[in-house]
Every structure is written in structure tokens, then in C-alpha cells.
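For reference, the structure discussed in these notes is given below.
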Amino acid sequence: MKDLDVFVLVAVFQEMLGWLFWPLVILVVLGLVGFVGVIVRDRGIYARRFVIAELVGVAGGFFGIWLMLTITSSQLSDIGGPIDWVLMVVIWLAGAIGAAVVAYIGLAALDSTRRSPVAQRAPPLEAASRA
Amino acid sequence: MPSIAAVSRRGLMVSGISALGAAAFGLPRQAFSQVKTKARIVIAGAGAAGLAAAARLSDRLDGAQITLIDARKEHYYQPGFTLVAGGLKPAGYTISSTASHIPRGVTLIEETVAEFDPEGRKVKTSSGRSVEYDFLIVATGLHLDYAAIAGMDTSLIGSNGIGSVYAGPEFAAATWRELSRFADAGGVGLFGRPAIEMKCAGAPLKYTFIADDHLRRRGNRGRAELIYAANNNTLFGVPIVSEKVRMLFQDRGVKVVHDHVMTAIDPARRIATFRTPQGTRDIGYDFVNVIPPMRAPDAVRNSPLPWRDGPFAADGWLDVDRHTLRHRRYRNVFGVGDIAGVPKGKTAASVKWQVPVAVDHLVADIDGKVSTASYNGYTSCPLITRIGRAMLVEFDYDNNLVPSFPGVIAPLEELWVSWVMKEIALKPTYLAMLRGQA
Ligand SMILES: Cc1cc2nc3c(=O)[nH]c(=O)nc-3n(C[C@H](O)[C@H](O)[C@H](O)COP(=O)(O)OP(=O)(O)OC[C@H]3O[C@@H](n4cnc5c(N)ncnc54)[C@H](O)[C@@H]3O)c2cc1C
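Residue numbers (my numbering), protein chains in the order written: chain A, 1 to 131; chain B, 1 to 438.
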């Protein structure tokens, strides 16, 4: 492919997603900003939230693969070579990270509606892992 | 060989995020200074090549009077026909309106070019209107010559086991209905290709593989015989690909007959007649994918523009230099897309490589410069080998494989990733190409 640079990729993704392109870009940016924001606000990662988010992430990874196979009318047996496995792993990771981030932010939002503004400012109660 | 546009776009990157945003929003890329001109440019045909050329020209020229001429209100994303005829997409997947793709500032005349007059530097439209030009880009695509097969008519598509993927979106959908019926009932499935130049030479092969796959999925492969009637002694113009297809056909149990060119069809008796070196031969079928001979549209054939001798003369292909796409006799005329009289080519992928080269030469002419842009014959074909797998075959004039992702996506390997590209990335890339952005 000629001129395969950032611009071509952006143009192609724009055509692929149509009107969804910019909302999705904004969603991804908001997700990342929100995630970082929650961690900064809480001065660490809540272990309980993190474990649940990870579990959701595992499911999200498989959902991503299922979605891709469905959209492209294909099945697992169509995997033909190493690059196909790489693509599968990338799709799984994308689905997993996306779902985990959304889950973590969601749990944090749930927690803060349950707590008073004062409690929110307090450092994490559960063993805060900064590791 | 980076085109001017590519170089300046890379230069653009340093100017950062705002430039990225501007380009992504579809604003004209102003990084290279636009050439000011009053030139009148006529583009005959608003298909893949005509629209891509119009977009690139309006990006690079300031003040040019660009006119597209095409009577067809619907634009077809033709590579999607194979997916429609494979039962994977609805006909509408391939249809959009021509008007929706016209770049800002470009005029569309919704008529056909009836006459080309390169001496007088003008074209005449179907209503008799004369349009003068300083530069002409011929992008009329090609004519599907169904009448050249005795007894064949597009009205037959979708009945009596007759399919034809090429004829258009609705015909592709009708072809799927016939193929699906065949996949249930079994019998003889007959495939093949015309003898002369054709667009997307991989399409006849893909459809054979798709038919095989549907039969297998329905547990009916044992009840069917698949025959591929090749026009000569190969299966594909690029020898290394031809050999790979031979192996795959053997693996799938597709019977190959060589040197068979379809000359007639008898829909009532379900018999196709072929010209072979040993004389004519009839083959009965329960399903047939008819692919007609392809030639230049009459307006081009009857003009002074086609080759006058050599292999491209008989069917009226445009007499252009294979590296610059410039007409060899009329220097202010270019030919891009299927109409170009160059070896291979005739895919949307080659359009993507041809258009920037022709446009670069045209703009350089206006600017009083000399362009060094050159087209190497790049053509690509995601050769579907079953639903869910394809081979990303890319090659040039010299039959070299020129993979876009060497070492990552193997060209002669049946891969899911290549199928995924065909399924979800090809149409967006095509649409971005129409906007001059890919
Ligand atoms: C079944 C099938 C499968 C394909 N698969 C692939 C694939 O997998 N990959 C790939 O890259 N390519 C594929 N192609 C090929 C690709 O679609 C064409 O090569 C591409 O569309 C060529 O663009 P073009 O502009 O030259 O012609 P077109 O897109 O056909 O446009 C020509 C335009 O010119 C107009 N026109 C004709 N005569 C006149 C006239 N006298 N005056 C004014 N206008 C005129 C027509 O109305 C039309 O709008 C496939 C094609 C088919 C049919």
C-alpha cells in the first residue's frame, strides 16, 4: 500500500466507523483521562475494584473476539498462520483493556455515589496498591 | 518512490496535532502550496478513478475548472459484488450516490461522453453539448460485452442456474440466490473467465472457492462437481500465483479444463459452449457464473484515443504510457483505471496507485515543472479461498510479488487477517481513496 501513514489510517478509520469515529475517539480519550483521574483522586488503585475490573476485562477480551468473528463472518477455525494469532491476541487485549477501564471507572463512580464527599477525599480504605 | 503528496504530508506531520486534526476532518491539506491556475480539466467517468482524480486535483489546484461527466447516478463499490454474490452482504452494501462523492468546487455533468475530439480539445455529451478542455482524464471504466456470448443477456441472470457476479449489485444478489439453490441441490457448477483483458482477474477464482465453501458448509460437496474453464493454460497471469491456485483447486477437488473460452449459452438446455483448440465443446451445468468479454466503451473505441496496434488495439484500450498514464499521442490526455491500455491493472487497487501518478504529471504540466512520478503496475487482489480466509496477492508489471507487509502477511498463505482486511478495511480504504485521502 502506498503512502501508508497516519493520515491514511485516520482517513480509513473514519470511513470504517462513519459518524461513530469522533464519538469513539472522544470516548477512548475520556476513558483514559477518567481512569487516570480516578487513580490520582484516590491516590492509588483500589484492589477490590481492580480485581473485579480484571475479571470484567477477561470477559471483554473474549467478547471482542466474538464480535470480530461475527462482524467478519468468520470462525476460529479460519485462523491460518502466526499473524492471525497475533491479530487475535491484539483484539483480545483491546477488548480486555477497554472493558477493564470502563469497569474500573464504573465501580469508582458507584462507590462515590455511595459515599459522602468527605469520605471520597479520604485515602483508599482497602489495601491501596501502588505497586 | 514517494509522490509529492506523500512527501509533503510527511512534512506536515511535524506541524503536529492540529494538522492531523485538519487532515482527519477532511479539510484540504494545504501543506503543499496549491498551484494557481485557470485550467479547464474534464474527467470522463465518475467511477473509482474519475472521483479519486477529481479529489486529488481539487486538493492541489487553486482556481482550476474541474468537470466530471458521467450519467450514472449510482456509484458502485464493485469489489463488494463478490461478497454480495457470496451471500455475505446485501446489494445495498455496494451502492452509493455518485453526487455524494463529488468534491467541493467540482462540477458534475450528468450525461455520457458521446464523442472525444482530442484534436479540437473537446468532448461532446449525449445531449450534444460541447465541453472544451485544456486537460482530459479518461476514466470511463469498461464495457461488459454480454452480447459477445451468443444467447446471453443480463435478463437471464438469476434464472435457470445462470449467475453473473460482474453485472451489478442486483445481479450479484440474483447470482447469490442461484448459487444458494445450487449449494442445496448439487450438480455441475461451471466457472471460468474471458480470454481478453478483464477487471479483477482474481474474481472468477474467488467465486469458485466461495461456491466450494458453501457446498461444504451445507454438507453437499459430494453431490457437486465444480469445473473451472480457464481461457489459456494458466489460472492466473502471475505464474507463482497461478501455481498456488492450481494446488488449492486440487486440494478442493475443483476440476480444471484449459484453453476454454465461452462463446455461447443455451439457458433452456443449460449448456455452455466453449471454443477450444480442438474445436467447440459443450459443457452442461446446473450453475454457471458467466463472465463476459470486456472492452472499452464505444465512445472511446470509436475515438482517436485507443491503441492503433499491439495487444490493446482490438478492444479499444486507451493508448497510454504504462508508467505515466499519459496518452502517447495527445500529451494533455491521461487515462486511468480500467480503460487504461496497460498490462494487468484493472483493479481498484491499481486505481489507487495510478491516480496520484497521473495527477502529479498533470499538475507539473500546469506548474511548468517535470514530474518524476512513475507507476510500476501495482495491482492487488485479496484472493478469497474460502469464507474466512484469503491470500493478499500484490504484484507489479514484471510479475514480482510486492507485498505491503513483507514478512508479516505472507502473500501466498491462506490467512484470516487477509480476509478480515477484505471484509472490513477494503471498502473504507476505497472510500478514502475517492476522497483523495488514500
Ligand atoms: C466482481 C468484481 C470484483 C472486483 N474485485 C476487486 C477487488 O477485490 N479489488 C480491487 O482492487 N478491484 C476489484 N474490482 C475492480 C474494480 O472495481 C475496478 O477496477 C474499478 O472500479 C475501476 O475503476 P474505474 O473508475 O476505472 O471504473 P468504474 O469504477 O467502473 O467507473 C467507470 C465510470 O465511467 C462511467 N462511464 C462509462 N462510459 C462513459 C462515458 N462514455 N462517458 C462518461 N462516463 C462514462 C460509468 O458510468 C462509471 O461510472 C472488482 C470488480 C468487479 C466487477
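Glycine included, every Cβ here is placed at the ideal spot set by N, Cα and C.
Are the CB atoms of residue i and residue j nearer to each other than 7 Å?
i	j	result
Gly-388 of chain B	Ile-210 of chain B	no
Phe-395 of chain B	Val-238 of chain B	yes
Asp-298 of chain B	Thr-276 of chain B	no
Arg-439 of chain B	Gly-284 of chain B	Look at the range of chain B in this structure, 1 to 438, and you will see that residue 439 of chain B is not part of it.
Val-56 of chain A	Ala-11 of chain A	no
Pro-118 of chain B	Tyr-330 of chain B	yes
Tyr-166 of chain B	Arg-40 of chain B	no
Tyr-76 of chain B	Thr-98 of chain B	no
Val-241 of chain B	Val-393 of chain B	yes
Glu-414 of chain B	Thr-379 of chain B	no
Ile-65 of chain A	Ile-409 of chain B	no
Gly-161 of chain B	Asp-286 of chain B	yes
Leu-76 of chain A	Val-417 of chain B	no
Leu-156 of chain B	Pro-267 of chain B	yes
Ser-58 of chain B	Pro-90 of chain B	no
In the DSSP assignment, what residue or residues form a beta bridge with residue i?
i	result
His-143 of chain B	B:Arg-295
Ile-66 of chain B	B:Ile-41
His-327 of chain B	B:Val-320
Gly-202 of chain B	Answer is none; Gly-202 of chain B lacks a bridge partner.
Phe-81 of chain B	In the DSSP output, where bridge partners are listed per residue, Phe-81 of chain B has none listed.
Ile-95 of chain B	B:Tyr-76
Lys-36 of chain B	B:Asp-62
So, at 8 Å on beta carbons, what are the nonlocal neighbours of residue i in its own chain, with the 5 sequence-adjacent residues on each side left out?
i	result
Thr-107 of chain B	Gln-65, Ile-66, Thr-67 and Leu-68
Lys-244 of chain B	Met-391 and Leu-412
Gln-354 of chain B	Ala-49, Leu-325, Val-336, Gly-337, Ala-340, Gly-345 and Tyr-375
Asn-231 of chain B	Gly-192, Arg-193, Pro-194, Ala-195, Asp-259, His-260 and Val-261
Leu-93 of chain A	Gly-61
Ala-308 of chain B	This sequence places Arg at residue 308 of chain B; Ala is not what is there. So the qualifying residues of the chain are Asp-319.
Using the rule of at least 16 other Cβ atoms within 10 Å of the residue's Cβ for burial, across every protein chain shown, is residue i buried or exposed?
i	result
Pro-194 of chain B	buried
Gly-32 of chain A	According to the sequence displayed, residue 32 of chain A carries Leu and not Gly. So Leu-32 of chain A ends up on the exposed side.
Thr-125 of chain B	buried
Met-247 of chain B	exposed
Ile-424 of chain B	exposed
Ala-24 of chain B	Note that Ala-24 of chain B scores a pLDDT of 37, beneath 50, so its modelled location is shaky; the value from the coordinates is reported in the next line. With 16 or more other Cβ atoms within 10 Å, it is buried.
Glu-178 of chain B	buried
Glu-15 of chain A	buried
Ser-350 of chain B	buried
Lys-369 of chain B	exposed
Ile-71 of chain A	exposed
Gly-158 of chain B	buried
Arg-29 of chain B	With a pLDDT of 45 at Arg-29 of chain B, under the threshold of 50, the predicted position of this residue should be treated as unreliable, though the coordinate-derived value follows. Arg-29 of chain B is buried by the Cβ-count criterion.
Val-89 of chain A	exposed
Glu-74 of chain B	exposed
Trp-419 of chain B	buried
Gln-437 of chain B	buried
Ile-26 of chain A	exposed
Indicate, with yes or no, if ligand 3 has a heavy atom lying under 6 Å from the CB of residue i.
i	result
Val-12 of chain A	Ligand 3 is not part of this structure, which contains only ligand 1.
CB-CB under 7 Å to residue i, same chain, minus the five flanking residues each way: which ones, in chain order?
i	result
Ala-450 of chain B	Residue 450 of chain B falls outside the range modelled here, since chain B spans only 1 to 438, and no answer is possible.
Trp-85 of chain A	Ile-79
Gly-316 of chain B	Arg-295, Ala-296, Val-300, Arg-301 and Pro-306
Thr-208 of chain B	Phe-191, Leu-226, Tyr-228 and Val-254
Gly-63 of chain B	Lys-36, Thr-37 and Lys-38
Ile-139 of chain B	A small correction: the amino acid at residue 139 of chain B is Ala; Ile does not occupy that position in the sequence shown. Same-chain partners within the cutoff: Ile-43, Ala-44, Gly-45, Gly-47, Ala-49, Gly-50, Ala-53, Val-336, Gly-337 and Ile-339.
His-101 of chain B	Leu-51, His-75 and Leu-434
Please list, in chain order, all residues of the same chain as residue i whose beta carbon is under 6 Å from its beta carbon, the five residues on each side excluded.
i	result
Ala-137 of chain A	Since the first residue shown for chain A is 1 and the last is 131, residue 137 of chain A is missing from the structure and cannot be characterised.
Val-6 of chain A	none
Arg-49 of chain A	Tyr-104 and Leu-107
Ala-150 of chain B	Ala-264
Ala-358 of chain B	Leu-325, Phe-334 and Val-336
Quick one: which unbroken alpha helix (DSSP H) runs of 4-plus residues sit fully inside the segment 99-172 of chain B? Chain order, please. Entirely contained in the segment 99-172 of chain B, not one alpha helix (DSSP H) run reaches 4 residues.
Mind listing, in chain order, the continuous beta strand (DSSP E) runs of no fewer than 3 residues lying wholly within the segment 35-104 of chain A? Listed in chain order, the beta strand (DSSP E) elements of length 3 or more contained wholly in the segment 35-104 of chain A amount to none.
Of all the alpha helix (DSSP H) runs that stay within the bounds of the segment 319-400 of chain B, which reach a length of 4 or more residues? Whole alpha helix (DSSP H) segments, 4+ residues: 348-367.
Which runs of the beta strand (DSSP E), 3 residues or longer, sit entirely within the segment 221-305 of chain B? As far as the segment 221-305 of chain B is concerned, its whole beta strand (DSSP E) runs of at least 3 residues are 224-229, 255-257, 261-266, 271-276, 279-284 and 287-289.
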